[in-house]
Amino acid sequence: MAGHHAPKTASNEPPKPPTHTPTRKLEFSPTTREQNIKAMSEDVFDLVVIGGGITGAGVARDAASRGMSVALVEMQDFAQGTSSRSSKLIHGGIRYLENLEFHLVFEALSERRLLFEIAPNLVHPLRFVLPLYKDSRVGMFKMGLGMWLYDALSMFEAPELHERLNAYESTERLPLLQRRELVGSYVYSDAYMDDDRLVHETLRSASKLGAVAANFVSADDAQFENGKVVSIGCTDKVANKKFNIRGRHFISTVGPWTDEVANHLLKDWKNILRPSKGVHLTFSRDRLKLTEAVVMAEGKRIVFGIPRNEMCIIGTTDTDYDGDPKDVSTTEEDVHYLLNVASQYFPGAKLTAKDIISSYAGVRPLVDDGSETESKTSREHVIIDDPRNVTFVAGGKYTTYRRMAAQTVEAALKSFSLEERIKFQRNDTKVALNDKATPSKMEEAELKAEHWAAQFHIAKEAADFLAARHGMEAEDMLHAANASGSSDEILWTVEAHHAIHHTMCLNLVDFYVRRSPLFLARKDHGLPLIALISRVFAQELGWSDSKRQQEAASVQAYVRKELGWKQAFGSTDASS
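Under this note's numbering, read the sequence shown as residues 87 to 662, first letter to last.
Right, dumping it as structure tokens:
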């Protein structure tokens with residue numbers, strides 16, 4: 087973002103009050119995107135948010151719930167950066183106790199409790215086993231104190247309180263676990279989630295509250311008046327058209343790109359980040375039979391083994407990263423490291439690189455606090471309120487995104503009048519993201535799945551899958567898609583139709599990677615479904631045959647690129 091020239095639309099007067107009137111939008115589709123970009127180019131917004139990951143989505147929802155007019159732009163797909171490349175956990179963070187970050191743990195556990203209520207289709211309780219060995223840095227007694235503290239910080243409202251197991255009980259619970267020198271283990275509760283879908287659902291909720299958002303819109307430069315940013319120049323990368331968004335205040339939520347954006351925008355910016363690379367590997371649940379998550383200590387690092395419906399995840403690495411975040415990738419060294427850790431804890435599994443289905447790499451936007459190592463760097467966030475009309479937020483834990491968003495909006499409101507600060511002081515983000523996926527609606531969907539299976543001619547397993555992911559919205563999805571064919575064909579037709587119309591999905595790669603578990607969880611990465619899924623996109627978006635072929639090729643190219651490390655292990659086909 088560069089350039090200090092005033093836009094043609096600017097004047098020497100303060101910006102006029104917003105002309106955008108919030109409306110409830112039930113769709114969040116490519117058509118919505120076109121309408122939103124038109125509104126962005128015409129209206130003046132209270133807040134303009136740059137960055138469509140979980141923090142930006144949270145800020146948009148928080149501000150819109152206060153009655154503010156909000157525009158959000160994302161240069162790639164929503165959640166394409168760090169927000170879809172996490173360990174996919176909602177957790178307080180056991181290891182933060184060792185760093186004495188009690189406030190961070192308490193805050194995270196409070197948010198975990200709330201997320202069970204507002205997003206039960208996305209956040210699910212999970213038991214974690216923490217085995218301890220004779221050479222472990224922390225013994226059973228000290229870890230026991232930590233477990234009581236963890237339960238206390240959760241106000242004793244965890245799905246289940248912790249358990250202490252001896253060595254025999256530990257291996258009965260987890261037969262794969264390394265038995266040699268095992269002293270015992272502790273079992274405690276946290277949660278796993280769908281990180282990318284949590285972004286999409288948060289944005290859908292923000293949209294219903296009146297926020298306007300668009301993916302594939304880059305923020306290119308800024309226009310100043312009287313030393314303050316009054317608008318940003320943007321490019322619609324789909325239509326290849328430029329436009330300006332006028333705003334009363336601007337918020338940067340670009341994660342690992344924070345320093346890059348700030349240096350373009352503010353010439354005297356001092357870098358604040360210590361980016362850290364995290365890599366995860368995925369395995370078939372049949373190949374790595376974990377019934378509960380496992381916490382694996384590797385020196386001062388923590389690696390998780392996380393079972394979930396579709397797969398088992400092993401990760402993460404935690405190493406300093408100084409490259410462009412968009413270029414981050416899994417390396418041979420990363421694979422060796424994670425396989426080595428997994429083999430130490432699950433020697434009987436005899437895991438090799440050939441067992442790995444997929445991998446993903448991301449960059450954490452950690453704030454540099456001078457820590458000796460990247461793993462010791464705090465996960466606390468920082469909010470920087472620049473007097474030039476821009477608020478920056480960076481760092482933080484995914485689990486506390488909602489609270490972080492509220493603090494960011496409140497920081498931005500300091501630049502508004504007292505009357506407006508009073509008007510916009512109350513947010514309303516403790517309500518369900520999707521009113522058809524509340525806890526009671528999830529129970530109703532679970533009971534109705536068998537009926538849906540018979541009514542829509544799909545397998546009970548497919549109906550259960552839809553019910554667990556979407557609650558009672560699954561019924562609307564099955565009706566709207568009006569699909570036919572085999573159970574698998576109907577399932578993915580329904581998911582593709584929903585992704586287009588309710589998550590602003592514009593292409594096949596984004597569907598395969600951030601709207602479904604196809605790329606990460608299936609051995610074939612869903613490639614045999616390309617013809618079917620591309621047909622749905624063609625019907626809904628008016629694609630030509632050549633466009634369908636181009637999109638199919640993009641998916642195959644993505645798989646080859648992301649799994650390029652497989653060639654180092656003797657595989658010539660990264661998609662195999």
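Ideal placement from N, C-alpha and C gives every residue a C-beta, glycine not left out.
Predicted, not measured: the structure shown is a model, and the values here were computed from it.
(message) Closer than 8 Å is the cut-off here; do at least three beta carbon pairs connect the segment 185-192 with the segment 207-221?
(response) Judged by pairs of C-beta atoms under 8 Å, the segment 185-192 does not touch the segment 207-221, as fewer than three such pairs exist.
(message) With the cut-off set at 7 Å, would you say Phe432 and Cys398 are in Cβ contact?
(response) No, these two residues do not count as a Cβ contact at 7 Å.
(request) Go to Tyr182, then tell me how far its alpha helix (DSSP H) extends in each direction, as first and last residue. (result) For Tyr182, the enclosing alpha helix (DSSP H) covers residues 180-184.
(request) Would you mind working out which of Ala143, Thr438, Met229, Glu267 sits nearest Thr339, comparing C-alpha positions? (result) Its Cα nearest to that of Thr339, the residue Ala143 stands out among Ala143, Thr438, Met229, Glu267.
(message) Using only CA atoms, which one of Arg283, Leu592, Phe227, Phe502 lies nearest to Gly628?
(response) The residue with the shortest Cα to Cα distance from Gly628 is Leu592.
(message) Could you tell me which whole alpha helix (DSSP H) segments of length 4 or greater appear in the segment 156-236?
(response) Under the rule that a run must span 4 or more residues, the alpha helix (DSSP H) segments found entirely inside the segment 156-236 read 180-184, 188-204.
(message) I'd like the span of the beta strand (DSSP E) that includes His543, first residue to last.
(response) Careful: His543 lies outside any beta strand (DSSP E) and carries neither H nor E.
(message) Based on DSSP bridge pairs, tell me the residues matched to Pro361.
(response) None, per the DSSP bridge assignment.
(request) Jot down the residue ranges of each uninterrupted beta strand (DSSP E) in the segment 461-507, minimum 3 residues, whole runs only, in chain order. (result) Counting only runs of 3 or more, we get 467-472, 476-481.
(request) Tell me, to the nearest whole angstrom, how far the beta carbon of Ser632 is from that of Leu594; I am working on the premise that it is less than 8 Å. (result) Between Leu594 and Ser632 the Cβ distance is about 14 Å, and since that is not below 8 Å, they are no contact.
(request) Look at the Cβ atom of Ile388, then the Cβ atom of Arg181, and state whether they are nearer than 7 Å. (result) Yes; because the gap between Cβ atoms is below 7 Å, this pair is in contact.
(message) Can you check which of these residues, Ser240, Ser170, Ala205, is closest to Phe188 by C-alpha distance?
(response) It is Ser240.
(request) Rounded to whole angstroms, what's the CA-CA distance from Glu311 to Leu201? Just pull it up for me. (result) Roughly 41 Å between the two C-alpha positions.
(request) Round the Cβ separation of Ala560 and Val622 to the nearest angstrom and send it over; I've been treating them as touching at under 8 Å. (result) With a contact defined as Cβ atoms closer than 8 Å, Ala560 and Val622 miss out at about 17 Å.
(request) For the alpha helix (DSSP H) containing Glu346, list its first residue and its last residue. (result) Unbroken alpha helix (DSSP H) run through Glu346: 344-351.
(request) State yes or no: is the C-beta of Val468 within less than 7 Å of the C-beta of Arg332? (result) No, the pair does not count as a contact, with Cβ atoms beyond the cut-off.
(request) Assign Asp455 to one of two classes, buried (16 or more other C-beta atoms within 10 Å of its C-beta) or exposed (fewer than that). (result) Label assigned to Asp455: exposed.
(message) I'd like to check one pair, Asp280 with Ser169: are the Cβ atoms closer than 7 Å?
(response) Not in contact: Ser169 and Asp280 (Cβ atoms no closer than 7 Å).
(request) Work out the CA separation of Thr117 and Thr109 for me, nearest whole Å. (result) Interpretation of Thr109 is limited by its pLDDT of 42, a score under 50 that renders its predicted location unreliable; the figure taken from the coordinates is listed afterwards. Thr109 and Thr117: Cα-Cα distance of roughly 15 Å.
(request) Answer yes if the segment 487-496 comes into contact with the segment 141-156, meaning at least three C-beta pairs across the two stretches below 8 Å, and no otherwise. (result) For the pair of segments examined, the segment 141-156 was found to touch the segment 487-496: the number of CB pairs separated by less than 8 Å reaches three.
(request) Could you spell out the range, first to last residue, of the alpha helix (DSSP H) harbouring Ala560? (result) 559-567 is the span of the alpha helix (DSSP H), which, as asked, contains Ala560.
(request) List in chain order: all unbroken alpha helix (DSSP H) runs of 4+ residues lying wholly within the segment 114-142. (result) As far as the segment 114-142 is concerned, its whole alpha helix (DSSP H) runs of at least 4 residues are 116-128.
(message) Quick check on Gln166: buried or exposed, where buried means 16 or more other Cβ atoms within 10 Å of its Cβ?
(response) Buried, because 16 or more other Cβ atoms sit within 10 Å of the Cβ of Gln166.
(message) Suppose you measure from the CA of Arg199 to the CA of Thr486; what does that come to, to the nearest Å?
(response) The alpha-carbon separation between Arg199 and Thr486 amounts to approximately 11 Å.
(message) When you compare the segment 263-274 with the segment 291-298, are there three or more beta-carbon pairs, one atom per stretch, that lie closer than 8 Å?
(response) Verdict: no, contact absent.
(request) Could you check which residue in Ser573, Pro342, Gly385 has the C-alpha nearest to that of Ala540? (result) Among Ser573, Pro342, Gly385, the Cα nearest to that of Ala540 belongs to Ser573.
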